[in-house]
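A.B. asks:
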Amino acid sequence: QIGLIFFGRQSEIGDYLEHCTDKYNIRQHIKFQTTVTKLKWIDDKQVWQITIESNHQEKQVYARFVMAGYGPLSNASYPTDIPGINEFQGQMCHTAEWDKTIDFINKRVAVIGTGASAIQTVPEVQKAGVTQLLVFLDDLILLLFAILVYHQSILVL
């Protein structure tokens with residue numbers, strides 16, 4: 003086991019965000035399940051006009067400050083060009099839609115990709131009692147996916 007950790011794990015980051023949200027009493031100001039569709043600076047009022055959409059309804063809100071924390075990879079995008087992925091019969095999940103109920107005990111698990119999400123995911127999955135954990139670099143996906151399909155376990159994208 004590696005003794006040094008140079009990054010926050012997903013659970014730690016989530017706990018920290020929850021803690022700060024409650025500590026600074028800002029939950030009532032957060033708009034969940036809402037998409038920002040347009041930002042416009044109103045010079046004479048020195049505010050941002052923010053067009054938001056929620057439940058298929060659009061409206062404008064105004065703010066003096068805007069923090070862009072949108073996370074372009076936060077929407078799940080499943081690859082369709084991996085040979086055999088449509089035949090995979092095991093459980094599949096995307097880190098953008100993490101399912102905390104997945105039971106990893108005694109499972110063979112493959113993680114496709116080695117980016118920031120993998121840095122948070124791999125240590126947690128490894129600690130969860132898997133029998134085998136494979137991490138695929140993007141270049142190796144096409145070559146090795148057929149082996150994974152044969153085992154029909156869990157695939158994390």
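If you read the sequence shown in the working numbering, its first letter stands for residue 3, the second for the next number, and so on. By construction, the Cβ of each residue, glycine as well, lies at the ideal position given by its N, Cα and C atoms. Computed from a prediction, not measured in an experiment: that's the story for all the values here.
1) Just mark F34 as buried or exposed, buried being the case when its beta carbon has 16 or more other beta carbons within 10 Å.
2) What alpha helix (DSSP H) runs, 4 residues minimum, are completely inside the stretch 42 to 75?
3) Please report the Cβ distance between A130 and I107, rounded to the nearest whole angstrom; I am assuming they are in contact, meaning their Cβ atoms lie under 8 angstroms.
4) Can L139 and V124 be called in contact, C-beta distance under 9 angstroms?
5) Looking at the strands, I want to know which residues DSSP matches up with R167.
6) Per the DSSP calculation, T37 is bridged to which residue(s)?
7) Which same chain residues, not among the five before or five after K42, have their C-beta less than 6 angstroms away from its C-beta?
8) Can you tell me the Cα-Cα spacing of I104 and L19, whole angstroms?
9) Would you please state the rounded distance, in angstroms, between the beta carbons of E126 and S13? I believe it to be under 8 angstroms.
10) With DSSP as the reference, label Q128 as helix, strand or coil.
11) Just to confirm my understanding: we take I44, look at its own chain, exclude 5 residues before and 5 after, and list those with CB closer than 6 angstroms. What are they?
12) Which first and last residues belong to the beta strand (DSSP E) in which Q93 is found?
13) Buried or exposed: Q48, going by 16 or more other Cβ atoms within 10 Å of its Cβ?
14) Count the other C-beta atoms from every protein chain shown that fall within 10 angstroms of the C-beta of T37, then say buried if there are 16 or more, exposed otherwise.
15) My output table needs one value for F106: the three-state DSSP class, helix, strand or coil.
C.D. replies: A quick look at the data gives this:
1) The residue in question, F34, is exposed, as its Cβ has fewer than 16 Cβ neighbours within 10 Å.
2) DSSP runs (the alpha helix (DSSP H)) wholly in the stretch 42 to 75: none.
3) Indeed, because the Cβ distance is near 7 angstroms, the residues count as touching under 8 angstroms.
4) Not a contact, by the Cβ cut-off of 9 angstroms.
5) Absent from the structure is residue 167, since the part of the chain shown begins at 3 and ends at 159.
6) T37 is bridged by DSSP to E55.
7) Apart from the 5 residues on each side of it in sequence, K42 sits with its Cβ closer than 6 angstroms to the Cβ of Q51 in its chain, given in chain order.
8) If I take the Cα positions, the gap works out to 23 angstroms.
9) The C-beta distance from E126 to S13 rounds to 7 angstroms, short enough to meet the 8 angstroms contact threshold.
10) Three-state DSSP puts Q128 in a helix.
11) Taking C-beta separations shorter than 6 angstroms and ignoring five residues to either side along the sequence, the partners of I44 in its chain run Q51, following chain order.
12) Start and end: Q93 to C95.
13) Q48 comes out exposed.
14) Exposed, since its Cβ has fewer than 16 Cβ neighbours within 10 Å.
15) Residue state for F106 is assigned as coil, using DSSP reduced to three classes.
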